[in-house]
Amino acid sequence: MPSSSETITDLLIQWREGDEDALDRLIPLVYKELRRMASYYMRRRRPGDTLQTSALINEAYLRLADHKNMRWQNRAHFFAVAAQAMRRILVDHARSRNAAKREGRTFKVSLDQAADVGQQRGAELIALDDALKELEAFDTRKSRVVELRYFGGLSVEETANVLEVSPVTVKREWRAAKLFLLRAMSSEAQDDPQTVEGNR
Amino acid sequence: MTPKRWKEIDELMQAALERTPKDRRTFLDQACGNDDTLRREVESLISFESRASAFLEHPAFQASSEASAEAAGYPEAETQIGPYRLIREIGRGGMGAVYLALRSDDQYQKRVAIKVIKRGMDTDFIVRRFRQERQILAALDHPNIARLHDGGATPEGLPYFVMEYVDGKAIDAYCDTRSLSVKDRLELFRAVCSAAQYAHQNLVVHRDIKPGNILVNEQGVPKLLDFGLAKLLNPELYPQTIDPTATALRLMTPRYASPEQARGGPITTATDVYSLGIVLYELLTGHRPYNFTSESPPEVFRVICEQEPVKPSSAVSRAARKITAEAYAETAITSESTSKNREGHPDKLRRRLAGDLDNIVMKAISKEAHRRYQSVEQFSEDIRRHLVGLPVIARKDTISYRTAKFIKRHKIGVLAAALIVLALLGATWQAFAAHAERARAERRFNDVRKLANSFMFEIHDGIRDLPGSTATRELLVKTALQYLDSLAQEASGDTSLQRELANAYGKVGAIQGQEGSSGSLGDSRGASESYQKEARIREALCGANPDNVDDRRELAKVYDRLCWLYLQTGRRSEAIPYGRKALELLEALLAGDPTNDWVRYDLANTFELAGTVETDLDASLDYVRKASEIYQGLLAKYPARAADNRRNLSRTYKMIGARLNERGESDGALEHYSRALAIEESLVSANPDNAVFQRDIGVTHSDIGWIHETKDDWAAALVSHRKALAIRASLVEADPKNADARRALASTLANIGRALRAIGDHRGALDHLRRALAIREALSAADPLNRATRQTVADTLEDIGRVLHNMGDYKSALETHRKAFSIREPLFAADVSDQSAQYSIASSYHNIGGSLLDLGDTNVGLEYYHKAATIYEQLLGSNPADTSTSRDLASLLRFRGDVQLKMALKASAGMREQTLREARASYQRSLQLWLDMQSRGILSKAEQTRPDELSRQIAECDAALSKLAVTR
Chain A
3 MPSSSETITD LLIQWREGDE DALDRLIPLV YKELRRMASY YMRRRRPGDT
53 LQTSALINEA YLRLADHKNM RWQNRAHFFA VAAQAMRRIL VDHARSRNAA
103 KREGRTFKVS LDQAADVGQQ RGAELIALDD ALKELEAFDT RKSRVVELRY
153 FGGLSVEETA NVLEVSPVTV KREWRAAKLF LLRAMSSEAQ DDPQTVEGNR
Chain B
-17 MTPKRWKEID ELMQAALERT PKDRRTFLDQ ACGNDDTLRR EVESLISFES
33 RASAFLEHPA FQASSEASAE AAGYPEAETQ IGPYRLIREI GRGGMGAVYL
83 ALRSDDQYQK RVAIKVIKRG MDTDFIVRRF RQERQILAAL DHPNIARLHD
133 GGATPEGLPY FVMEYVDGKA IDAYCDTRSL SVKDRLELFR AVCSAAQYAH
183 QNLVVHRDIK PGNILVNEQG VPKLLDFGLA KLLNPELYPQ TIDPTATALR
233 LMTPRYASPE QARGGPITTA TDVYSLGIVL YELLTGHRPY NFTSESPPEV
283 FRVICEQEPV KPSSAVSRAA RKITAEAYAE TAITSESTSK NREGHPDKLR
333 RRLAGDLDNI VMKAISKEAH RRYQSVEQFS EDIRRHLVGL PVIARKDTIS
383 YRTAKFIKRH KIGVLAAALI VLALLGATWQ AFAAHAERAR AERRFNDVRK
433 LANSFMFEIH DGIRDLPGST ATRELLVKTA LQYLDSLAQE ASGDTSLQRE
483 LANAYGKVGA IQGQEGSSGS LGDSRGASES YQKEARIREA LCGANPDNVD
533 DRRELAKVYD RLCWLYLQTG RRSEAIPYGR KALELLEALL AGDPTNDWVR
583 YDLANTFELA GTVETDLDAS LDYVRKASEI YQGLLAKYPA RAADNRRNLS
633 RTYKMIGARL NERGESDGAL EHYSRALAIE ESLVSANPDN AVFQRDIGVT
683 HSDIGWIHET KDDWAAALVS HRKALAIRAS LVEADPKNAD ARRALASTLA
733 NIGRALRAIG DHRGALDHLR RALAIREALS AADPLNRATR QTVADTLEDI
783 GRVLHNMGDY KSALETHRKA FSIREPLFAA DVSDQSAQYS IASSYHNIGG
833 SLLDLGDTNV GLEYYHKAAT IYEQLLGSNP ADTSTSRDLA SLLRFRGDVQ
883 LKMALKASAG MREQTLREAR ASYQRSLQLW LDMQSRGILS KAEQTRPDEL
933 SRQIAECDAA LSKLAVTR
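Taken in sequence, the protein lines are chains A and B. Following the working numbering, the numbering of the first sequence begins with 3 at its first residue and continues without gaps. Following the working numbering, the numbering of the second sequence begins with -17 at its first residue and continues without gaps.
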């Protein structure tokens, strides 16, 4: 797919150079591809397989980006974008399932066979997403660490590479972010009747 | 919460977390003062610490997929599937479960392996893949490949496949439990190679070779399993093939995946060469060539594509350190344990691996596919050569070594200039890739383009003719290509960048190939790749700008270069269409604008080339004369470019001379050559440091020597060849790595050898020919694709064989001629329309026949003579003026007549008449050929007597025949 890979490359460069609009145009492309591949992967899953997030993202990367043309910086940023996309995929999916359940319908999307986000986990994911949004508001770096580590499946070193900070910093941010999110989610769980319902 | 407030909280929390729970209270007392809210915030966050370590520990997607892992749905033991009864599960692989099963017919009980696909997995994709595996496997019949017997679906609708059951161990475990020596491991490995080689011949690439797929049974026979990932090279052979764009990395075991698999690039037999190389690495060292610090794809990608593995011999010594790094090592690997299994002592193993085996393995696992062995066969053959003590093809990549040597030869100024450009190139490119300022990056990028051009065109041209510059230029080429390939990805639509790129590829191709510059590197495959890239870019440019004369002119030029390159590497039939395309383009351009002397100049160049490619002598002369006329006109018109045009003119004189000589007009030939020589000598005296002009004179002396040879004036030939030798030896001495210079030296050594043979100095002849052979064999090993170089190896062997024959050592002569034939035969088969290849084959038959006849094997000898004569006649039929073929055929027939006459005299009365008639026919045709040559005035003094001699022999036959008639 030469045309789309070209766009991805261009958009990545533009985004890296500070054009936030480029990210908006980039996300749908990656999102689409990841969704497509998530279902592709999960249909072919066999027992004992653990599907790794980063494997999935790498697959998207191989398909979308013209890797020969990109240096590590580009690759790193690709993972950052992909992690954001992954977050949207999973959270959107969890929200739509939640909505469908409340309306008493069975809701079938391709990701049903695919991500199969368990129902409790669905609620948890939504809570996490909300908490993460809260964190984002006053500490972007921590929220990005979480995004890369949890949604992107990147290791501490890879995250450090993407964010251009030291691994020690990533570890510290990760630890602090988790404490914040745990607290935010536990208070949400008390307030949010939906989650209680979901846990029954 | 404000960012500022959060920052305060965050810092305190981090600081508190650094302390033990006991110290935290005191710390917070102090740090928070009386800000109670701050303290509550920090404490409430810290209170979640115990839950934090498990929280978000598994990435989102991975965690969610585990929830849905369900029962496998594989059949139980004792289940009956068709005629097979499952005994037990013996393993689970990427596609399903494998069972040991028995075929429970009444007839016999046979053990097989059955692979069953899991329930719910019967998507189209998997089924297709299984069908494919069955078809491929069924077509493969080799003792080292596990066979496919059967296939079908279980009553539940699960597809299954029945395969040869291999009761064995993975090859690495097998070697270790038996403590096989390095030699035994190599021999076992070669059996695996033979399986892969067989599969490749059947257009099947395995794509997933690893020790787990190579089982060795009790008898020590290795079997290659699981062609499930194989992709057909020829998709038409089988209708169903998997999506070629499917990336292999996810299907692969990363340890054995090649860089092209990691990148999703094209998979070829070179991929299997790579994986086999990794397997061999592990078998020899007990270690993995790569250390993955994590299994994450970016890490795997980086390691496979970028990390240089340590040499096997070094891996052995690094063993002790490696275990600590490899937490996953199941059993401790030490250099002692590794070597105990192989050669006894670590030092002994290290020595055993250093050199050949290091080079062989490292060649097989090169990152770039084209640097690997060209086939598994070649890989295996190199191992064999190593085992029997022959020199191997794999040699160390010695660029840095050569560069170091180059610096020592105090060409520091030049080198420094080149290296500064390289450094700038790297740094600026890096800056472009890494930094955020678009405009600045763009500006710098344009600087890089300019620099790259100056690097390509000025620096390279500046050092091109400097003797000794090959090593630096090789380094420049490597770096330049990396840079160009990355730039090419971004060039589409940008015409000026495309033009620059095309120029640069052309330049690189010229350096890589044998374009006649004094310092070409002799990599014809690399040159052809670069030229093809250039041609593709230029074709696109011409398509987009059909009115642009320069683009079309440049396209003609690259076709011209491709034609020349293919001609030089003995691929005449590939060369011809490119020559034609170039001529067409240029003639059309000149017709459009007859005043354009640039185009006229190019046309002259291409006429020269056409004259070279053309096999018909008259047509060839016609082309070359056209070229010569154009150069002459341009020389008069443009005195400023005199050196260039004079050189061109002298070259066409030589070409005309050569063709005149082939037509038997040696006086005209010599006259043209002396005109050429006069021009060249004046050029050298004006430019004494220019290696190109010296090289030209070397060629001229050599050609003059050759003309004397055809006149049988061997003393004069020797004088000319020795002049050439002096020049060529000094050029090689100045630049020992220069393939062209070495090629030229070998050629002169061989010429002198032939001349010495002709004057009866057999010892001297053998000495010179053997020196030529050594150079040519080395050149051929370094550039195995180059057919012309292989041809010269055969030619030298033939000359040696002739000397041995003259010395009366018919047995050695026969052996040597057969060796030459074994090189020539595949070359001939590769291009049966190539007349020089036909001539060579005929010549081999002629010589083998001659040796056999002198060894007394008359019948077989005459058969070879018959084959040779048939080909010679065909060649003469298509080119009656071909003097050397006429001579060879005439001599062959004369000698054949002699043998037949002798046979006739010994033969029984019944056979005598027929044999006499055969002898007479041989003499008669020979006489006819000599008379023909005599009428064209091309017989040497020694040859003048031939017609008379033959007439006498014919008379003798007639006398014997009439005597027969009388007695009857």
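Glycine included, every Cβ here is placed at the ideal spot set by N, Cα and C. No experiment lies behind these values; they were computed from the predicted model shown.
How would you label residue i, buried or exposed, when you count the other beta carbons within 10 angstroms and need 16 or more for buried?
{"i": "B:Asp781", "result": "buried"}
{"i": "B:Trp696", "result": "buried"}
{"i": "B:Thr19", "result": "exposed"}
{"i": "B:Asp598", "result": "exposed"}
{"i": "B:Glu264", "result": "buried"}
{"i": "B:Val785", "result": "buried"}
{"i": "B:Gln360", "result": "buried"}
{"i": "B:Gln464", "result": "exposed"}
Please tell me whether, using a cut-off of 7 Å, the distance from the CB of residue i to the nearest non-hydrogen atom of the ligand NAP is below it.
{"i": "B:Ser632", "result": "For the structure depicted, the ligand NAP is absent and the ligand set is empty, with no information on it obtainable."}
For chain A, find out if any of its Cβ atoms is closer than 8 Å to the Cβ of residue i; answer yes or no.
{"i": "B:Ser667", "result": "no"}
{"i": "B:Pro291", "result": "no"}
{"i": "B:Ala42", "result": "yes"}
{"i": "B:Ala239", "result": "no"}
{"i": "B:Leu38", "result": "yes"}
{"i": "B:Ala592", "result": "no"}
{"i": "B:Ala34", "result": "yes"}
{"i": "B:Trp(-12)", "result": "yes"}
Between residue i and residue j, what straight-line distance do the alpha-carbon atoms span, to the nearest angstrom?
{"i": "B:Ala711", "j": "B:Ala756", "result": "15 Å"}
{"i": "B:Gly64", "j": "A:Ala133", "result": "58 Å"}
{"i": "B:Leu1007", "j": "B:Ala760", "result": "Absent from the model: residue 1007 of chain B. The displayed extent of chain B is -17 to 950, so no value can be given."}
{"i": "B:Val98", "j": "B:Leu206", "result": "19 Å"}
{"i": "B:Ile286", "j": "B:Lys349", "result": "8 Å"}
{"i": "A:Leu184", "j": "A:Glu126", "result": "11 Å"}
{"i": "B:Phe810", "j": "A:Ala85", "result": "59 Å"}
{"i": "B:Arg800", "j": "B:Ala651", "result": "35 Å"}
{"i": "B:Lys945", "j": "B:Ser890", "result": "15 Å"}
{"i": "B:Thr771", "j": "B:Ala155", "result": "44 Å"}
{"i": "B:Ala961", "j": "B:Pro291", "result": "Any question about residue 961 of chain B goes unanswered here, given that chain B covers just -17 to 950."}
{"i": "B:Ile689", "j": "B:Ala660", "result": "17 Å"}
{"i": "B:Asn669", "j": "B:Ile734", "result": "28 Å"}
Could you name the residues of chain B that residue i contacts, counting a contact when the two beta carbons are closer than 9 Å?
{"i": "A:Ala125", "result": "By Cβ distance, chain B contributes nothing, its closest Cβ being about 13 Å from A:Ala125, past 9 Å."}
Going along chain A in order, which residues have a C-beta closer than 7 Å to the C-beta of residue i?
{"i": "B:Ser26", "result": "Arg185"}
{"i": "B:Glu242", "result": "Those within 7 Å of B:Glu242 in chain A number zero; the least Cβ separation is about 11 Å."}
Is there a Cβ of chain B sitting closer than 8 Å to that of residue i, yes or no?
{"i": "A:Arg97", "result": "no"}
{"i": "A:Ala82", "result": "no"}
{"i": "A:Ala2", "result": "Limits of chain A in this structure are 3 at one end and 202 at the other, which puts residue 2 of chain A out of reach."}
{"i": "A:Asp23", "result": "no"}
{"i": "A:Arg174", "result": "yes"}
Using a cut-off of 8 Å between C-beta atoms, extract the partners of residue i located in chain A.
{"i": "B:Thr19", "result": "What B:Thr19 touches in chain A: nothing, since even the nearest Cβ is about 15 Å away."}
{"i": "B:Glu31", "result": "Leu181"}
Using a Cβ cut-off of 8 Å, pull out every chain B residue sitting near residue i, in sequence order please.
{"i": "A:Asp94", "result": "Here the premise fails: no neighbours, minimum Cβ distance about 13 Å."}
So which residues of chain A does residue i contact, with C-beta pairs closer than 9 Å?
{"i": "B:Thr(-16)", "result": "Phe140"}
For residue i, which residues in chain B fall below 7 Å Cβ to Cβ?
{"i": "A:Ala178", "result": "Asp(-8), Met(-5) and Gln(-4)"}
Threshold first: 4 residues or longer. Then list the alpha helix (DSSP H) segments lying entirely within the stretch 828 to 897 of chain B, N to C.
840 to 860 and 865 to 888
Interface residues of the stretch -10 to 3 of chain B facing chain E [CB-CB below 8 Å]:
This model lacks chain E altogether; the protein chains it does include are A and B.
Those runs of the alpha helix (DSSP H) which lie wholly inside the stretch 725 to 772 of chain B and span at least 4 residues:
744 to 764
Would you list, in sequence order, the uninterrupted beta strand (DSSP E) runs of no fewer than 3 residues that lie entirely inside the stretch 146 to 187 of chain B?
Listed in chain order, they are 150 to 152.
Give the list of continuous alpha helix (DSSP H) stretches no shorter than 4 residues that lie fully inside the stretch 658 to 728 of chain B.
673 to 692 and 696 to 716
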